[in-house]
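Trainee: My questions all concern the structure below.
Numbering (the numbering used here), first residue to last: 4 to 300.
Quick look at the structure:
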């Protein structure tokens with residue numbers, strides 16, 4: 004074949020017969036080349052050739068001989084794998100669907116369908132997922148992310164989960180799954196503070212203890228950042244002076260408290276009669292809440 008006088012291509016898909024979809028890709032040069040396919044009866048027919056000779060190759064998908072036996076369970080979990088029954092504003096969780104084939108024949112081309120039943124308006128999720136195959140005795144896991152918007156109403160969202168089998172209608176029994184909606188962000192509040200030793204006054208050293216209460220859901224890997232103004236020095240557990248202290252909480256359970264202690268020195272040059280320490284509750288670089296420790300002398 005010589006040098007082409009023109010090179011280019013285009014794709015066309017249309018229907019010539021009922022239930023048959025035909026597509027063709029044409030490229031033009033000194034000879035006509037094309038690839039084409041048609042979908043009909045569960046199979047795909049491919050055509051390859053260049054003018055004037057046309058060659059045909061047929062590849063058909065074989066449906067299962069007998070229906071599978073399918074079952075499904077569904078639940079929600081956080082991105083770290085911990086199960087949950089609630090979702091808050093701006094949060095993302097996964098809807099986990101476990102599908103098992105207990106039959107003797109494979110399941111093919113399943114559709115996992117997620118249908119909202121109630122209170123799902125401010126939740127974003129994919130409504131359909133395709134599973135190519137499940138072998139006999141095999142269990143697979145499908146995860147569908149569910150993201151909450153910023154205007155959640157208190158209540159409960161409910162979904163119907165269906166696993167649809169296309170050849171025999173051997174669907175799994177539908178499953179309904181619910182998740183509680185919360186319009187409140189995860190909130191940690193100051194419960195109490197007290198001076199364990201010494202005095203908060205100019206030229207004095209004091210040992211301070213404060214307690215935080217988690218009024219929200221279970222939290223993991225939380226950090227408490229405490230900052231002092233000019234003229235106030237904070238000391239960590241090793242006696243190192245600093246303007247900022249950082250405390251770590253590996254697990255902060257719902258409706259539980261955590262207590263923290265530190266030492267604080269007030270400079271004799273501190274001009275105010277009130278000391279205010281600013282606190283932040285941080286998780287994964289996101290500020291969950293703020294609080295203050297206030298002392299007067």
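A virtual CB, placed ideally from N, CA and C, is assigned to each residue, including glycine.
Have a look at residue 142 and residue 102 and give me their C-alpha separation to the nearest angstrom.
Mentor: Cα-Cα distance, rounded: 6 Å.
Trainee: With contact counted as at least three CB pairs below 8 Å, one residue from each stretch, are the region 248-267 and the region 215-232 in contact?
Mentor: Taking 8 Å as the limit for Cβ pairs, the verdict is that the region 215-232 does touch the region 248-267.
Trainee: Pull the bridge partners of residue 267 from the DSSP assignment, please.
Mentor: Residue 267 is bridged to 209, 237.
Trainee: Name, in chain order, the residues that DSSP records as bridge partners for residue 97.
Mentor: BP columns for residue 97 point to 80, 148.
Trainee: Tell me, please, whether the region 124-135 touches the region 215-222 by the rule of three or more beta-carbon pairs shorter than 8 Å.
Mentor: Touching, no, given that fewer than three Cβ pairs across the two stretches are closer than 8 Å.
Trainee: For the beta strand (DSSP E) that residue 114 lies in, which residues bound it at each end?
Mentor: Taken as a continuous stretch (DSSP letters only), the beta strand (DSSP E) holding residue 114 covers 110-121.
Trainee: Within the same chain, show all residues whose beta-carbon is closer than 6 Å to that of residue 230, passing over the 5 residues directly before and after it, in chain order.
Mentor: The residues are 247, 281.
Trainee: Would residue 206 and residue 269 be called neighbours here (beta carbons separated by less than 8 Å)?
Mentor: Yes. Within cutoff.
Trainee: So residue 171 is in the beta strand (DSSP E); what residue range does that whole segment cover?
Mentor: From DSSP, residue 171 is part of no beta strand (DSSP E); its letter is neither H nor E.
Trainee: Please list the terminal residues of the continuous beta strand (DSSP E) segment that includes residue 89.
Mentor: Looking at the DSSP string, the run of the beta strand (DSSP E) that includes residue 89 is 89-91.
Trainee: For residue 80, which residues from the same chain have a beta carbon less than 7 Å from its beta carbon, with the 5 sequence-adjacent residues on both sides left out?
Mentor: So the qualifying residues of the chain are 86, 87, 96, 97, 99.
Trainee: Let me know if residue 266 comes out buried or exposed under the rule of 16 or more other beta-carbons within 10 Å of its beta-carbon.
Mentor: It counts as buried.
Trainee: With a threshold of 16 other CB atoms inside 10 Å of the CB of residue 104, please say whether the residue is buried or exposed.
Mentor: Counting Cβ neighbours within 10 Å, residue 104 comes out buried, since at least 16 surround it.
Trainee: How many Å lie between residue 117 and residue 190 at the Cα?
Mentor: In a straight line, the C-alpha of residue 117 is about 31 Å away from that of residue 190.
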